[in-house]
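Here this note's numbering runs 1 ahead of the position in the sequence shown, where the first position is 1. Every residue, glycine too, gets a C-beta built ideally from N, C-alpha and C.
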Amino acid sequence: MPTAARALGPPPRTPRRLAGPARPAVLAAFLALTSLTGAPRADARPVGWSLAPLGGGRPAFYAEGTPGAVLRDTLSVTNPGRTPVTVRLRGTGVPAVFAHDGLRVPARTRAQVPFTVTVPRDAGPGDRTGAIEARDARGRRATVPVRLRVGGPALAALTVEHLAVHADRITYDLVNRGTTVLVPKLAVRADGLFGRRVLDRAPRTLPVRLPPGARRTLGEPWPGRPVLDEVRVRLTVTAAGGARATAATSAAYVPWGAVGGGAAPVAAGVAVLLRWRHARRPRRAGAGPAGAVS
């Protein structure tokens, strides 16, 4: 079965076919040990063990695949010294699985260790970097870079969901429905009962990064909310690549705690009027519950 890893440099014009899902037999522990030729001279300084991709003199691993693909390659651990060395293997920044993650390499021996990297199913198209790392009992560490290119169409899409207005805060969910990482911008607008604009915030970049499939619950403070009014709140979210989504909902502000005596019937009448207006307004997708807020 052909390997999916290639030497660094410009990707070939026709990518190789990627291997299918890894079978248990592929990950079964196996180790190929090869004696090194040319014993070092007695007066030569000892040389430490090293880590490299197997064959071809590659300085790094390069792999390409679509989300969910399993990529395979082989790592070489060379011990030219006069005593055995034990190393631990792991992937950093990439989900690597080794045939052996703990490895004892005899003196003057080269060990070959197969491994797989599975492209995350929620990964968006683009390049990712990581490394294969080995560390011995003395803390000495060696790494080989991994360059992973995730294929597939780039689609920027998001939705605004569960929009709700509370006493002094607006809450909502952002969901990345596309295949690219999004850094969204938010604009907020609210209009009062008689068309008066009571809130108008220009688009600004939110301090969040949304990977594909991610959902984030966010809040927007509103300390200067109306005391007695019905408001229509509208959120507009945009991101690079043409992503755009809007959501709207309504809320009635009635100062029940400040109402007393003869003013209570007036406030109650206003509340009834506001609730009646809520009931007559059509609900929009993504909007939260509408109701009176004290």
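C-alpha gap between residue i and residue j, whole angstroms
i           : j           : result
residue 95  : residue 148 : 9 Å
residue 185 : residue 176 : 10 Å
residue 104 : residue 88  : 5 Å
residue 168 : residue 202 : 18 Å
residue 146 : residue 152 : 19 Å
residue 240 : residue 79  : 48 Å
residue 67  : residue 226 : 48 Å
residue 182 : residue 211 : 5 Å
residue 158 : residue 117 : 31 Å
residue 194 : residue 231 : 5 Å
residue 137 : residue 125 : 35 Å
residue 304 : residue 127 : For residue 304 there is no data in the structure shown, the boundaries of the chain being 2 and 295.
residue 61  : residue 164 : 47 Å
residue 214 : residue 108 : 49 Å
residue 90  : residue 122 : 24 Å
residue 132 : residue 52  : 11 Å
residue 144 : residue 83  : 22 Å
residue 114 : residue 57  : 16 Å
residue 54  : residue 141 : 19 Å
residue 196 : residue 238 : 23 Å
residue 216 : residue 135 : 35 Å
residue 198 : residue 129 : 45 Å
residue 50  : residue 246 : 55 Å
residue 139 : residue 102 : 17 Å
residue 178 : residue 156 : 9 Å
residue 120 : residue 98  : 12 Å
residue 253 : residue 242 : 36 Å
Endpoints, beta strand (DSSP E) assigned at residue i
i           : result
residue 203 : 198-206
residue 163 : 159-166
residue 91  : 86-93
residue 132 : 127-137
residue 66  : 62-66
residue 253 : 244-254
residue 52  : 51-54
Contact belief for residue i with residue j at Cβ below 8 Å, rounded distance in angstroms
i           : j           : result
residue 170 : residue 221 : 7 Å
residue 154 : residue 180 : 7 Å
residue 81  : residue 106 : No, residue 81 and residue 106 are not in contact; Cβ-Cβ is about 10 Å, not under 8 Å.
residue 150 : residue 192 : Going by Cβ atoms, the distance from residue 150 to residue 192 rounds to 47 Å, so no, they are not a contact pair.
residue 229 : residue 255 : 6 Å
residue 64  : residue 76  : Residue 64 to residue 76, Cβ: 13 Å. No contact.
residue 173 : residue 207 : Wrong, their Cβ atoms sit about 11 Å apart, outside the cutoff.
residue 93  : residue 166 : In fact, because the Cβ distance is near 44 Å, the residues do not count as touching under 8 Å.
residue 248 : residue 161 : 4 Å
residue 223 : residue 187 : Contact doesn't hold; Cβ gap of about 13 Å is too wide.
Helix, strand or coil at residue i [DSSP, three-state]
i           : result
residue 120 : coil
residue 73  : strand
residue 185 : coil
residue 214 : coil
residue 236 : strand
residue 59  : coil
residue 194 : coil
residue 143 : strand
heavy atom of the ligand ATP below 8 Å from residue i C-beta
i           : result
residue 171 : Among the ligands in the structure shown, none appear at all, so the ligand ATP cannot be discussed.
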